[in-house]
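*Asks:* Residue numbers (my numbering): 4 to 487. Even glycine gets a Cβ: it sits at the ideal position worked out from N, Cα and C. This is the structure, below, for whatever I ask next.
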RNA sequence: GGGGCUAUGUGCUAACCUGGUAUGCUUCCGCGUUCGGGACGCGGCGGUCUGGGUUCAAAUCCCGGUAGCCCCA
């Protein structure tokens, strides 16, 4: 495809979606896209990795209904206010108007917590840690973008209840650790965890922490967020437990929402190159593709027979592999599978069949880098090369992310860094709504930059630091970036 | 949320200004020759987003709808 994603990311993104058949954007409802097999296979692997991580940390799967009665939806005040503008409503069934309209869940707090109220009686029922993998619907801004911001998306939401604030805060921290373990270490996507400003929290939450990653066009994209809900929802939905003294108290809650379809978009955007997708070995639908080079008719049969033997060897080792025996020429297939991000290509012609060897090409290798290896150790070598490829992707992505960070003391410095596509740290007056929002609005209006919040765990600035915008004493270092 | 641009077969595109038989490439199907970095020949299938208006006549002009892309908030 040959498009430089750092020069024209939008063009690269749309081309790769269409050429690698990740999604079909021709479905005729705005903001809704058809996800095609090549992206879905990867997303299923990503779901599985995430679900394993959640279950290893004590979460259990459930499935809640997609429709939420309006009366449930309206129980928690801030939540209603925040989400109502985005809700799709079901108002009719079979031509009859419903007595009460039903919200298509934009998120499931109001579906799940009324059930939690029934399930939780005492300390023995806590902690309760439940997740579901599902799709949700939000009537987003008209600037929809496949994978990044669509009106229907596929995610996991984990909703946890505890008897103490301390445990809930520990859960928020664990959510961040899971994000590191999965999104960064496995998917290879670096990010910065920010505590969002008071004016930019999840509706109904006490605190919101969200992972921001950086796209090749210099805009940040929010990946998983985790929220300390406090006892707001528990009080509204009567999710109470009886403590040792016999008192009924509301539970402390957290929720965590990694959006797989968006993370997948971030993953291929971060790792892709001018030839197309580059996928981490563990999340590629195909880990190795065998391209037979048939030559003259009489050799053809022997070559195909040997290719089958190689495939069987790889399948026995548990690798996802196939032979591309379509009639196209080898050169066409090389380009085709590079576009699709298959990590390892195996070329098998007359020479390989004779020597019982195979020629190996790794997706991110410099042009014309090929190695010939013996069949006996092929699966082992492919696994090793796959691991190395994934590791290179993480370090390349980290290097890019780390080299696009800046510090600004003045609005001019901030402006310059934002224009270069950086995430910028700057001293900032306050994350409280009354004191700090005006500066964020100014920064948005003047510099098209968004105040993303403060970095989790980072120390406050020394005395004497002044807010980059208003010049008042800075309580925080804020992180500012252009956002999706 | 505001604005701009656009919609012709699977995809890209010509014709649109100046109304009159819809162009070429690609994909796809068939046959044959090919195969170590995007092969080729011959034959075939397939199209004016949608609703209304103007007109003898609409891909073309006008109005609405829907969808897409881009810019701004």
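Around the Cβ of residue 478, are there at least 16 other Cβ atoms within 10 angstroms (buried) or fewer (exposed)?
*Replies:* So residue 478 counts as buried.
*Asks:* Taking residue 232 as the reference, which of 398, 103, 175 has the closest Cα?
*Replies:* It is 175 whose Cα lies nearest to the Cα of residue 232.
*Asks:* What's the call for residue 140, buried or exposed, on a 16-neighbour Cβ count within 10 Å?
*Replies:* With 16 or more other Cβ atoms within 10 Å, it is buried.
*Asks:* Please give me, in chain order, every unbroken run of the beta strand (DSSP E) with length at least 3 that falls completely inside the stretch 365 to 452.
*Replies:* Counting only runs of 3 or more, we get 374 to 377, 408 to 410, 426 to 431.
*Asks:* Reducing DSSP to helix, strand and coil, say where residue 231 ends up.
*Replies:* Looking at residue 231 - three-state DSSP - the assignment turns out to be strand.
*Asks:* What does the alpha-carbon distance come out to for the pair residue 11 and residue 368?
*Replies:* The straight-line gap from Cα to Cα measures roughly 23 Å.
*Asks:* If the criterion is Cβ atoms closer than 8 Å, does the pair residue 424 and residue 432 meet it?
*Replies:* No, they are not a contact pair.
*Asks:* Which partner residues does residue 63 have in the DSSP bridge list?
*Replies:* Bridge partners of residue 63: 133.
*Asks:* Which two residues bound the contiguous beta strand (DSSP E) that contains residue 485?
*Replies:* Its beta strand (DSSP E) spans residues 479 to 486.
*Asks:* Buried or exposed for residue 299, please, with buried defined as at least 16 other CB atoms from any protein chain shown within 10 angstroms of its CB.
*Replies:* Classification for residue 299: exposed.
*Asks:* What residues are listed by DSSP as bridge partners for residue 351?
*Replies:* DSSP output for residue 351 lists 295 as bridge partner(s).
*Asks:* Under a Cβ-count criterion, where at least 16 other Cβ atoms within 10 Å of its own Cβ denotes burial, should residue 332 be classed as buried or exposed?
*Replies:* Result: exposed.
*Asks:* Is it the case that the stretch 237 to 254 contacts the stretch 133 to 149, given that we only count it when at least three CB pairs across the two stretches are under 8 Å?
*Replies:* Judged by Cβ distances under 8 Å, the stretch 133 to 149 makes no contact with the stretch 237 to 254, as fewer than three pairs qualify.
*Asks:* Please classify residue 110: is it buried, with 16 or more other beta-carbons within 10 angstroms of its beta-carbon, or exposed?
*Replies:* The residue is buried, with at least 16 neighbouring Cβ atoms inside 10 Å.
*Asks:* Between which two residues does the alpha helix (DSSP H) holding residue 13 run?
*Replies:* Element bounds for residue 13: 12 to 22.
*Asks:* Just reading off the beta strand (DSSP E) that residue 100 is part of, what are its end residues?
*Replies:* It spans 99 to 107 - the beta strand (DSSP E) in which residue 100 sits, taken as one unbroken run.
*Asks:* Which residues does DSSP list as the beta-bridge partners of residue 279?
*Replies:* For residue 279, which the question treats as bridged, DSSP gives the partners 276.
*Asks:* In whole angstroms, give me the CA-to-CA distance for residue 465 and residue 87.
*Replies:* Cα to Cα, the separation comes out at about 41 Å.
*Asks:* Taking the DSSP output, what are the residues bridged to residue 257?
*Replies:* DSSP output for residue 257 lists 163, 231 as bridge partner(s).
*Asks:* Kindly confirm or deny that the stretch 81 to 99 and the stretch 161 to 169 touch, where touching means at least three C-beta pairs closer than 8 Å.
*Replies:* Short answer: they don't touch.
*Asks:* Determine the DSSP secondary structure at residue 343, reduced to helix, strand or coil.
*Replies:* If DSSP states are grouped into helix, strand and coil, residue 343 belongs with coil.
*Asks:* Where do the ends of the beta strand (DSSP E) carrying residue 214 lie?
*Replies:* Start and end: 210 to 217.
*Asks:* Would you say the stretch 317 to 333 touches the stretch 253 to 265, given that touching needs at least three Cβ pairs under 8 Å?
*Replies:* Segments in contact, no.
*Asks:* Across which residues does DSSP place residue 456 in a beta bridge pair?
*Replies:* DSSP, once it has assigned bridges, lists 482 as partnering residue 456.
*Asks:* Which ranges would you report for the beta strand (DSSP E) in the stretch 40 to 92 if only whole runs of at least 3 residues count?
*Replies:* 70 to 72, all fully within the stretch 40 to 92.
*Asks:* Would you decide whether residue 29 is buried or exposed? Buried here means 16 or more other CB atoms lie within 10 Å of its CB.
*Replies:* Exposed: under 16 other Cβ atoms inside 10 Å.
*Asks:* Quick one: grab the DSSP three-state call for residue 312.
*Replies:* It is helical.
*Asks:* How would you label residue 198, buried or exposed, when you count the other beta carbons within 10 angstroms and need 16 or more for buried?
*Replies:* The residue in question, residue 198, is buried, as its Cβ has 16 or more Cβ neighbours within 10 Å.
*Asks:* For the candidate residues 392, 459, 225, whose alpha-carbon lies nearest to that of residue 487?
*Replies:* Checking every option, the nearest Cα to that of residue 487 belongs to 225.
*Asks:* With DSSP as the reference, identify every bridge partner of residue 363, one or two as the case may be.
*Replies:* Residue 363 pairs with 349, 374.
*Asks:* Short of 7 Å in beta carbon distance, which residues of its chain neighbour residue 334, apart from the five on each side in sequence? Order them along the chain.
*Replies:* Around residue 334: no qualifying Cβ.
*Asks:* Is it true that the stretch 454 to 461 meets the stretch 188 to 207, where meeting means three or more beta-carbon pairs spaced less than 8 Å apart?
*Replies:* Result yes; three or more Cβ-Cβ pairs closer than 8 Å.
*Asks:* Would you decide whether residue 410 is buried or exposed? Buried here means 16 or more other CB atoms lie within 10 Å of its CB.
*Replies:* Residue 410 is exposed by the Cβ-count criterion.
*Asks:* Do residue 260 and residue 147 come within 8 Å of each other at the CB atom, strictly closer than that value?
*Replies:* For residue 147 and residue 260, no; Cβs fall outside 8 Å.
*Asks:* Where DSSP assigns a beta bridge to residue 158, which residues make up the other side?
*Replies:* In DSSP, residue 158 forms a bridge with 137, 262.
*Asks:* Near residue 3, which residues of its chain fall below 7 Å by C-beta distance, leaving aside the five closest residues on each side in sequence?
*Replies:* Since the displayed the chain opens at 4 and closes at 487, residue 3 lies outside it and no answer follows.
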